[in-house]
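Everything in the sequence shown is counted per the numbering used here, starting at -3 for the first residue and increasing by one.
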Amino acid sequence: MTRLSNASKKKLEASLESLTARQAGRLYLIYANEWHLSNNTDTVNEYPPVAELKSAWDKRVKAAKSKKGEEGIPTIAAYNAFLTLTGIIREANRIADSDLWRIYTLALGTGSRINTLLLQDSYSDITRSIIAQFTEDAPRPLSWEDYDKAAEWYEGYSPEDLEELSHELTGEYTRRQGYEPLEVPREFLKKISTPEVEYGGEDEDIRRKWVESEGEDVILTKYFAGDQDRFESWKKHGGHPEFNGREWDTMADEINDRLVKKITAGELEGGVCFGLENQWGFTPALGWDRQDPDNVGRLCVPAWNALRAIWISWLYDKGIFRGDEKRVDKDSPDILGTFYDVDGTLHNDRIIERAKEFYLECQKKPWGGDLIDADKVNFAELGRFLCAEDSPLLGYYAPDLGTVNVGEFHEAEGNDPFMGPSDKAGEAWYYATLRGLRKISDELGATPGMVGKNFVREFYYPTDDPKGKRETISNLLYRMGQLRTSHRPFSFKEKNKRDISFFLGREFYTPLEIAIREFGEVFDDIDTFKLTYALLSQEFFDGIPILSPLLQDRLKGVEEALKVTEDILNQWIELLSHDFWNVDTSSLHLVKNGPDEKWSRLMAAGIIYHEDDTVDDSKFSTWLDDRETFESVAKKICGLDYAGIKKEFGKHVRGTK
């Protein structure tokens, strides 16, 4: 909407006694808006400029009535039109006052519902984070006896990765020497990266580009003291100026080879291991012969290792998924995961049934011949063990189920149950125990704590009442879980976008979807409201806002309230759409259909009809400029004459559609 300039206002004021009906209506609207802003205690008609305008009309009408014949009729008809325009202004504002409160209530109501639902989701996120923190990082209770025995057991069981250790020891060597790595600055990487490709400083080409941009002589002098050979080696291999990447790899390989020779010679406690899914670290192999280390065909692992490696995928094939909820069982030293299907969460009885079904199927596998008889298996214990999160205690309390030949297992199950790249899957590599490495730490130039950690001591604590503590934790997690309104299973990344209703749960998703749809309708109501008053303003008042300043502020407040909720909602939807969640949020996007133009035009025409029909002096016509009638204007706006408008409104209650 536009506002009339002061110059135009003054021009109208200069000819009060010759204004047309439309001109007088525009001037009256300007004065009415001024009166609303003036905090005047008088009525609008007592506002001096309005009183002066009306006085000018009174003089014109009096003069017109004194004339004979039809000579004075145009003036009286114009005056009637002026009165109708002032009535349109009053009626429009009266209806707007009521309608804006209705829309404001709708905006607050639907916005509040959305905000409440998003707050519930926020509670869910907070609860999820606290539970994750509590179950993953907080120490877990063990009896004093188990704590000491398990810690000692872990020292001789823990398969420490020799390659990783070799690189850590090499890094410690560079730190002792005081070497600082020379890396391509992040500012340069950002400069050359694109939205499609984000470059890192590990590539030789990137290092050379950086050198070229800075100048060969500058880098050679600043970092290599003029040593061209070391400069060239760094450009090719990276690393430190005094100890490049190739030298790093050479030292790490030498340390690794030395440790492997100690293991094969029986000088270091260790052996060979496999990388299997759903385990804690690596899995030590059984049947390894130090005298015949290359004979891997007879290598086995405890059966529980193999079963845990395929348990999750087996459940997935049955339509059962791992959720992100955690639970605590008083009989389990570790946190248990939860699983669900279309019927909901699997509780103990269903877990036991699935564990038994799973075990019986495994016995029929080509590699299942050495599994113990099913009659000897405690399936309640097995189900609890299979659902336990991987932990350093797995091997300590694992059930004895027999053994599985790894070669046969790999041939039947493929690479999926194995960790690492496909060319490593199913292959064994060397490890040393934590206890063995501690004994030779001096020889390695390291402290006992550098060669590894006893994670039993890291993750657990001794207590006289471990079962009581677990039960307390279990009750706490249950009560926190009651705050959750969505379950969000994301234990692994799915190929396709997640179904929103399945992801959030229908009890949360359905009310949210309804609230968002109704929220979009409030935007449509606002647009319909604004169009109605824009039509009247443009048709009669040259774009001057027909709403009083108070109602304009109220309208602005409604729109701002809607915008706040819309922004919060969009941020939340964007989060769900993120690659990490990968949720199909298309059904949650706010739909704005825009104004109901037919209804807006009918409302605008209805206001015109209502005011034109109530002009008090029916003996005289009501004409706008050039003898244009209000009915013709109404018909131009909505396509209906007064009879049609009256009939149409008979079908509706004002303010509804």
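All residues carry an ideal CB built from backbone N, CA and C; glycine is no exception.
*Closer than 7 Å by C-beta to T170: which residues in its own chain qualify, once you throw out the five before and the five after it? Chain order, please.*
Position 174 of the sequence shown holds residue 170. The residues are H236, F239.
*Excluding five sequence neighbours on each side, which residues of the same chain lie with their C-beta closer than 8 Å to the C-beta of E228?*
In the sequence shown, the residue the question calls residue 228 occupies position 232. So no residue of the chain qualifies.
*Please list, in chain order, all residues of the same chain as L389 whose beta carbon is under 7 Å from its beta carbon, the five residues on each side excluded.*
Position 393 of the sequence shown, counted from the first residue, corresponds to residue 389. Excluding positions up to five away in sequence, the list reads A146, P329, D330, V452.
*Is it right to say G464 is buried, meaning 16 or more other beta carbons lie within 10 angstroms of its own, or is it exposed?*
Start at 1 with the first residue of the sequence shown, and residue 464 comes out as number 468. Flag for G464 reads exposed.
*T581 bridges to which residues according to DSSP?*
As a position in the sequence shown, residue 581 is number 585, starting the count at 1. Beta-bridge pairing links T581 to no other residue.
*Can you give me the Cβ contacts of N274 inside the same chain, cut-off strictly under 8 Å, excluding the 5 residues immediately before and after it?*
Mapped onto the sequence shown, residue 274 falls at position 278. These residues qualify, in order along the chain: R304, A305, W307, I308, D386.
*asked:* I need the boundaries of the alpha helix (DSSP H) containing A511, first residue and last residue.
replied: Numbered from its first residue, the sequence shown carries residue 511 at position 515. Segment 502 to 536, the alpha helix (DSSP H) holding A511.
*Could you check what DSSP says for F239 in three-state terms: helix, strand or coil?*
Against the sequence shown, residue 239 aligns to sequence position 243. In the structure shown, F239 sits in coil (DSSP, three-state: anything other than H, G, I, E or B).
*Is it buried or exposed for D612, if we count other Cβ within 10 angstroms and need 16 for buried?*
Position 616 of the sequence shown, counted from the first residue, corresponds to residue 612. Any reading at D612 must be qualified, since the residue scores a pLDDT of 47, below 50, and its modelled position is unreliable; the value itself is stated next. Looking at its Cβ environment, which holds fewer than 16 other Cβ atoms inside 10 Å, D612 is exposed.
_Run of the beta strand (DSSP E) containing Y474, from where it starts to where it stops_ = One-based indexing of the sequence shown puts residue 474 at position 478. Y474 -> not in any beta strand (DSSP E); alpha helix (DSSP H) instead, spanning 462 to 477.
*Buried or exposed for V193, please, with buried defined as at least 16 other CB atoms from any protein chain shown within 10 angstroms of its CB.*
By 1-based counting over the sequence shown, the position of residue 193 is 197. It counts as exposed.
_E321: first and last residue of the uninterrupted beta strand (DSSP E) it sits in_ = Indexing the sequence shown from 1 puts residue 321 at position 325. Its beta strand (DSSP E) spans residues 317 to 323.
*So who's on the other strand from W425, going by DSSP bridges?*
By one-based count along the sequence shown, residue 425 stands at place 429. DSSP, once it has assigned bridges, lists C269 as partnering W425.
*What do you get for Y150, buried or exposed, if any count of 16 or more other CB atoms within 10 angstroms of its CB means buried?*
By one-based count along the sequence shown, residue 150 stands at place 154. Buried: at least 16 other Cβ atoms inside 10 Å.
*Are the segment 98 to 110 and the segment 497 to 515 touching by the rule of at least three beta carbon pairs closer than 8 Å?*
yes
*Can you tell me whether E607 is buried or exposed, with buried defined as 16 or more other CB within 10 angstroms of its CB?*
Here residue 607 is taken as the residue at index 611 of the sequence shown, counted from 1. By the 10 Å Cβ count, E607 comes out buried.
_Spatial neighbours of S189 within its chain, please: C-beta separation below 6 Å, excluding the five flanking residues on both sides._
One-based indexing of the sequence shown puts residue 189 at position 193. Contacts found: Y195.
*asked:* What does the alpha-carbon distance come out to for the pair N566 and R513?
replied: Residue 566 sits at position 570 when you count from the first residue of the sequence shown. Residue 513 sits at position 517 when you count from the first residue of the sequence shown. Using only the alpha carbons, I get a separation of about 14 Å.
_With 16 other Cβ atoms within 10 Å as the buried cut-off, status of K322_ = For the purposes of this step, residue 322 is taken as the residue at position 326 of the sequence shown. Buried, by the Cβ-count rule.
_Presumed contact (8 Å Cβ cut-off) between L264 and G432, rounded CB distance_ = Locating residue 264 in the sequence shown gives position 268, counting from the first residue. Locating residue 432 in the sequence shown gives position 436, counting from the first residue. With 8 Å as the limit, L264 and G432 qualify as a contact, their Cβ atoms being about 5 Å apart.
*Name the two residues that bound the continuous alpha helix (DSSP H) containing P458.*
On the sequence shown, position 462 is the one that residue 458 refers to. No alpha helix (DSSP H) contains P458, which is instead part of the beta strand (DSSP E) from 456 to 459.
*asked:* Please report the straight-line C-alpha distance between D288 and M247, rounded to a whole angstrom.
replied: For the purposes of this step, residue 288 is taken as residue 292 along the sequence shown, with counting starting at 1. For the purposes of this step, residue 247 is taken as residue 251 along the sequence shown, with counting starting at 1. One C-alpha to the other measures close to 27 Å.
*Between the CA atoms of M415 and G277 - distance to the nearest angstrom*: Taking the first residue of the sequence shown as 1, we reach residue 277 at position 281. Taking the first residue of the sequence shown as 1, we reach residue 415 at position 419. The straight-line gap from Cα to Cα measures roughly 10 Å.
_Extent of the continuous beta strand (DSSP E) run through D199_ = Here residue 199 is taken as the residue at index 203 of the sequence shown, counted from 1. Here D199 belongs to no beta strand (DSSP E), and DSSP marks it neither H nor E.
*For the segment 16 to 34 and the segment 71 to 79, state whether three or more C-beta atom pairs, one from each stretch, are separated by less than 8 Å.*
yes
*Three or more beta-carbon pairs under 8 Å between the segment 131 to 141 and the segment 554 to 568, yes or no?*
no
*Of the residues S544, F519, D396, A601, the one placed nearest R98, counting alpha carbons only*: The residue you call residue 98 lines up with position 102 of the sequence shown. Closest by alpha carbon: F519.
*When burial is assigned at 16 or more other CB atoms within 10 Å of the CB, is E156 buried or exposed?*
Position 160 of the sequence shown, counted from the start, is the residue given in the question as residue 156. By the 10 Å Cβ count, E156 comes out buried.
*Does the count of Cβ pairs from the segment 64 to 74 and the segment 590 to 606 closer than 8 Å reach three?*
no
*Taking Cβ to Cβ, would you say Y426 is nearer than 8 Å to G266?*
In the sequence shown, residue 426 corresponds to position 430, counting from 1. In the sequence shown, residue 266 corresponds to position 270, counting from 1. Taking 8 Å as the Cβ cut-off, Y426 and G266 qualify as a contacting pair.
_Within 8 Å, strictly: CB atoms of P362 and A408_ = On the sequence shown, residue 362 is found 366 positions in, with the first residue counted as 1. On the sequence shown, residue 408 is found 412 positions in, with the first residue counted as 1. Result yes, Cβ atoms of P362 and A408 sit closer than 8 Å.
*Compare the Cα-Cα distances from C296 to each of E210, L25, N471, G365 and report the closest residue.*
Walking along the sequence shown from the start, residue 296 turns up at place 300. Measuring from the Cα of C296, the nearest candidate turns out to be G365.
*If you draw a straight line from the C-alpha of G661 to the C-alpha of K642, how long is it?*
The chain is shown only over -3 to 653; residue 661 falls outside these bounds and no answer can be derived.
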